[in-house]
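Just below is one structure, and these are the notes that go with it.
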Amino acid sequence: MEDEKIIAPVESAEPNEAAQPVEAAEPEKVITPAEEPLVPVQYDPQYILMVNGLKKHFPIKGGMFSKTVGYVKAVDGVTFNLKRGTTMGLVGESGCGKTTTGRVILRLSGEKTAGQVLFNGQEVYDLSPKEMRPLRTKMQIIFQDPFSSLSPRLPVGEIIGEAVREHNLVSKEDFNDYIDQVMDNCGLQPFHKDRYPHEFSGGQRQRICIARALALNPEFVVCDEPVSALDVSIQAQIINLLADLQDKYKLTYLFISHDLSVVEHISDTVGVMYLGNLVEYGSTEDIFRNPLHPYTKALFSAIPVPDPTVKMKRIVLEGSIPSPANPPSGCKFHTRCEHCTQRCKEEVPQQREIEPGHYVVCHLYDQ
Amino acid sequence: MRKFIIKRLLLSVVILFFVALIIYALMRCLPTSYIESIARQKSMQPGSKTFDEWMQQLSATYGMDKGIIAGFFSWLGKALTGNFGDSWFYTEPVLQVFNRTVWLSFIMGGIAFIFEIIIAIPLGIIAATKQYSKTDYTVSVIALAGISLPTFFFAALLKLLFSVKLGWFELFGLVGRNHQQLSSFGQFLDKAHHLVLPIVTLVVISIGGLMRYTRTNMLEVLNADYIRTARAKGVSEHKVIYKHAFRNTLIPLVTIIGGSLPGLFSGALITETLYSIPGIGYTSYNAMVGGDIPFSMFYLTFIAVLTLIGNLIADILYAVVDPRVRIS
Numbered sequence: 009m010e011d012e013k014i015i016a017p018v019e020s021a022e023p024n025e026a027a028q029p030v031e032a033a034e035p036e037k038v039i040t041p042a043e044e045p046l047v048p049v050q051y052d053p054q055y056i057l058m059v060n061g062l063k064k065h066f067p068i069k070g071g072m073f074s075k076t077v078g079y080v081k082a083v084d085g086v087t088f089n090l091k092r093g094t095t096m097g098l099v100g101e102s103g104c105g106k107t108t109t110g111r112v113i114l115r116l117s118g119e120k121t122a123g124q125v126l127f128n129g130q131e132v133y134d135l136s137p138k139e140m141r142p143l144r145t146k147m148q149i150i151f152q153d154p155f156s157s158l159s160p161r162l163p164v165g166e167i168i169g170e171a172v173r174e175h176n177l178v179s180k181e182d183f184n185d186y187i188d189q190v191m192d193n194c195g196l197q198p199f200h201k202d203r204y205p206h207e208f209s210g211g212q213r214q215r216i217c218i219a220r221a222l223a224l225n226p227e228f229v230v231c232d233e234p235v236s237a238l239d240v241s242i243q244a245q246i247i248n249l250l251a252d253l254q255d256k257y258k259l260t261y262l263f264i265s266h267d268l269s270v271v272e273h274i275s276d277t278v279g280v281m282y283l284g285n286l287v288e289y290g291s292t293e294d295i296f297r298n299p300l301h302p303y304t305k306a307l308f309s310a311i312p313v314p315d316p317t318v319k320m321k322r323i324v325l326e327g328s329i330p331s332p333a334n335p336p337s338g339c340k341f342h343t344r345c346e347h348c349t350q351r352c353k354e355e356v357p358q359q360r361e362i363e364p365g366h367y368v369v370c371h372l373y374d375q
Numbered sequence: 300m301r302k303f304i305i306k307r308l309l310l311s312v313v314i315l316f317f318v319a320l321i322i323y324a325l326m327r328c329l330p331t332s333y334i335e336s337i338a339r340q341k342s343m344q345p346g347s348k349t350f351d352e353w354m355q356q357l358s359a360t361y362g363m364d365k366g367i368i369a370g371f372f373s374w375l376g377k378a379l380t381g382n383f384g385d386s387w388f389y390t391e392p393v394l395q396v397f398n399r400t401v402w403l404s405f406i407m408g409g410i411a412f413i414f415e416i417i418i419a420i421p422l423g424i425i426a427a428t429k430q431y432s433k434t435d436y437t438v439s440v441i442a443l444a445g446i447s448l449p450t451f452f453f454a455a456l457l458k459l460l461f462s463v464k465l466g467w468f469e470l471f472g473l474v475g476r477n478h479q480q481l482s483s484f485g486q487f488l489d490k491a492h493h494l495v496l497p498i499v500t501l502v503v504i505s506i507g508g509l510m511r512y513t514r515t516n517m518l519e520v521l522n523a524d525y526i527r528t529a530r531a532k533g534v535s536e537h538k539v540i541y542k543h544a545f546r547n548t549l550i551p552l553v554t555i556i557g558g559s560l561p562g563l564f565s566g567a568l569i570t571e572t573l574y575s576i577p578g579i580g581y582t583s584y585n586a587m588v589g590g591d592i593p594f595s596m597f598y599l600t601f602i603a604v605l606t607l608i609g610n611l612i613a614d615i616l617y618a619v620v621d622p623r624v625r626i627s
C-alpha cells in the first residue's frame, strides 16, 4: 500500500494522521496507482511548487501483442514543497528517479500516474496543451547533456530566441537587444548568435542552455545535473553563474545532482531519493549535519573529506539498488539497511516531521 | 570541397574502368550469342556455307574474333571517342536507340518519384509521431507489403483488377490501336492513360522503403534531447515536429533522395517489360536477351556512371544540408 501522507510543513503532521488509519488495512495490489487514495494539498502561497504523492510509472511491454506486463516505478510517491526564491537539491544514486521527477514536474514525460503538481497553486496536469504553452515560459529546465539537448540544425540565436518570439515576450524592435542582453548575462558574446552548437565547447554549450532557459524569464528552473557532463573547472563557473542569476532574477531552482558537495554549496533544502521515493527531506544544514535516514547516512559517509588525517568512517551498502519494476515490499530500502526489522519488510513507512522542516520516511523514527 | 570532388571524380574513373571490364567479360561469356544464332540461321539456308565458316566470318565482322581483354580495349578505345557502335539487335546507332527511349523512362520515373516523395515522407512522419498507434501499424503494414511484393506479381494483380475485370486500362503498350487517328492532345491523353498502371506499380513498390526510412530517422530524432528542449520551450507541437524534428530528419532524407536522382535515367527494367512500355529498361532487356553486346555495354556502363554520380551527389548534399559536415 502506498498511501501518501501529505506534508503540510507549516502545521504539524498530526492532522494527516487522522485521515488514513483505515486504509492501511485494505488489501494490496487491487488498487491501481492512479486510484489510490490521496489527500489533496491546499495551496500555500509561500510555495512556488507543491508536489504531493507524485507517481510516474512506465509500462513494460512484452509478449506477442505488446501487453503491459509490468511497470517501472520510476517515481513512486514523491512529496515536497518548494519555497519561492530558494534552491532545493535532489540527490540520490543513478536510476533512483531524480531526473524523471524533474521532468514529470514540468510535464515533459507524458502524463503522470498519480499525485499532484501545483505550480503557483495551479495543477500543471489539468491544463490543456494550449493552456500549457504560456505556463512553459514560467517553468524551465536545463538538461544534463549540453551536447544532445541543442538542436544541431539551428543557430544559437534561434535556439535562444525562438521561444521568446513564439510567446511574444518582447517587442520586435527590442528582440535583438533582448537576446544580446540574455546572452551577455550568461557569458556569451553577441557574435555567437549565428554559430551552430557544434562550434562550442561543453561549458559554452551549457551557457547556451542556461541562456535559452532564462530568455523566457522563468520563475522556476529545473537544473537536471547541469554540471555533471562538464570539467571540474567549468563546473564551478556554471554553478556560480546559476547562483548569480538566481540572485538577479529571484529564481527558484530544483537542482538535481548526484554530486553532494555541489548540492551542499548551492541548495537551501535537500531531498534524498531512493528508488522513486523521497526518503529524507529538510534544510541543507539539517540534512548534512544530522542525516536521519540510514540511506542518507550511508550516502553522506561517502563524501570525501579533503584532509588526509581524517579517518573516514564509510558506511558501505550491501548489494545493489533493487529493480524499480519490482521494488521490495515494505520500506524499499530494507534489503540494504543495517537497521532492518520485521516491520520494515512488511509495512511502508510514512513521512514524518522529526524536527521543524526535517522530514524522514523511516520506521526507526516512529516512536 | 573542390579538391574533394576532383578526388572523387578521379576515383570514379578508376572504378568505372573495372566495372566496364567486368560487364564486358560477363557479356562475352553469356550463353546466348547473337553471332551464333545468326550463323546458325545463315547456315540453314540451302547452299550456304557451313556454320563454322559463317561463325568465322561473322566474328571478324562484329569484332568478336579477339580475346576478351583485347575486345574490351577496342570497345573502350571507341567508346572514349563517343562512338558506341551500332546496336546489333536494333540495327541502328546505340546512341540513337538510347535517345529515342530514355526520355519516356525519365518522365515515367520522374512522375513516380514525385508521387513517392509526397506520399512516403508524410506517411513516415505520421507513423513516427504516432509510434505504436493503430495508424503507425497500418502504415507500416502497407509499407512492408509494398516492399515485399514482387513487381511482377503486383503488376499482374493490377492488370487483373483494372484491365481484365474493370476494363479501365489497357493490358500493355504505350499507345492504343487508334493512336494515329487522334489529335495531338488526344495522343497525349492516350499515352498518359497507358502510363497510369506502370506508374502506380512503381510508386507502390517504392514508397515502402522511403516511408520506413523516414519513420526510422524521424523516430531517432523525436527521442533526442533537443526535442525535449523544444517541448520545454512551449513551442507548438506542429513546430516541434516540423521545425525541430523534421529538419534534422532531412539530412539523411535529402542524401538518399539526391542520390537516387540519376537513377531516373536508368529506367525500370521489370515494370517496363511487364507493361511493354518502350522505355530504356524494356529496350535494354530485349537487347540483352538478344545478346546485343554494344547496346548492353552502353546501357550497363551508363547505369554504373549514374550510380557513381548518385553517390557523389549524396555525399555533396550531406555537406550542404548538415552544418556540422564540412568536407575539406
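Chain order of the listed sequences is R and A.
The opening residue of the first sequence carries number 9 in the working numbering; numbering runs sequentially from there.
The opening residue of the second sequence carries number 300 in the working numbering; numbering runs sequentially from there.
Glycine is no exception: its CB is placed at the ideal position from the N, C-alpha and C atoms.
- Listed in chain order, the beta strand (DSSP E) runs fully inside the segment 88–142 of chain R are 95–99, 122–127, counting runs of at least 3 residues.
- Around the C-beta of residue 96 of chain R, 16 or more other C-beta atoms lie within 10 Å, and the residue is accordingly described as buried.
- With contacts defined as CB atoms closer than 8 Å, residue 533 of chain A and residue 145 of chain R qualify as a contacting pair.
- From the beta-carbon of residue 543 of chain A, the residues of chain R found nearer than 7 Å are 159.
- In the DSSP secondary-structure assignment, residue 67 of chain R is bridged to R/79.
- Taking C-beta atoms as the reference points, residue 62 of chain R and residue 86 of chain R count as a pair closer than 8 Å.
- In the assembly as shown, residue 381 of chain A is an exposed residue. Its beta-carbon has fewer than 16 other beta-carbons within 10 Å.
- The Cβ neighbour count for residue 354 of chain A, taken over all protein chains shown within 10 Å, is at least 16; the residue is labelled buried.
- Nearest Cα to residue 595 of chain A within the set A/310, A/308, A/320: A/320.
- Residues of the same chain with a CB within less than 7 Å of the CB of residue 544 of chain A, apart from the 5 flanking positions on each side, are 517, 520, 521, 526 in chain order.
- For residue 601 of chain A, the enclosing alpha helix (DSSP H) begins and ends at 592–620.
- Proximity of residue 619 of chain A to chain R, defined by a Cβ-Cβ separation below 8 Å, is not satisfied.
- Only residues of its own chain outside the window of five on either side were considered, and among them 167 have a CB closer than 7 Å to the CB of residue 159 of chain R, listed in chain order.
- A distance of 8 Å or more separates the beta carbons of residue 577 of chain A and residue 385 of chain A.
- Put simply, the backbone Cα of residue 585 of chain A is about 9 Å away from that of residue 572 of chain A.
- Partner residues in the beta bridge of residue 264 of chain R, as assigned by DSSP, are R/98, R/232.
- Distance between residue 487 of chain A and residue 468 of chain A, taken at the CA atoms: about 15 Å.
- In the DSSP assignment, the residues bridged to residue 60 of chain R are R/124.
- Shown here, residue 476 of chain A sits in coil according to DSSP, grouped into three states, outside any helix or strand.
- Per the Cβ contact rule, the segment 47–58 of chain R is not in contact with the segment 74–86 of chain R (fewer than 3 Cβ pairs under 8 Å).
- Residue pairing for residue 286 of chain R: DSSP places it in a beta bridge opposite R/281.
- With the criterion set as a beta carbon lying under 9 Å from some beta carbon of chain A, the members of the segment 54–71 of chain R are 69, in sequence order.
- Taken in chain order, the whole alpha helix (DSSP H) runs of length 4 or more contained in the segment 435–466 of chain A are 450–457.
- In the DSSP assignment, residue 354 of chain R falls within the alpha helix (DSSP H) that extends over 350–354.
- Around the CB of residue 232 of chain R, 16 or more other CB atoms lie within 10 Å, so the residue is classed as buried.
- Pairing residue 449 of chain A with residue 507 of chain A, the inter-Cα distance amounts to about 13 Å.
- One thing to note: residue 211 of chain R has its Cβ within 8 Å of the Cβ of residue 238 of chain R.
- About 19 Å separates the beta carbons of residue 198 of chain R and residue 214 of chain R, which is beyond the 8 Å limit, so they are not a contact pair.
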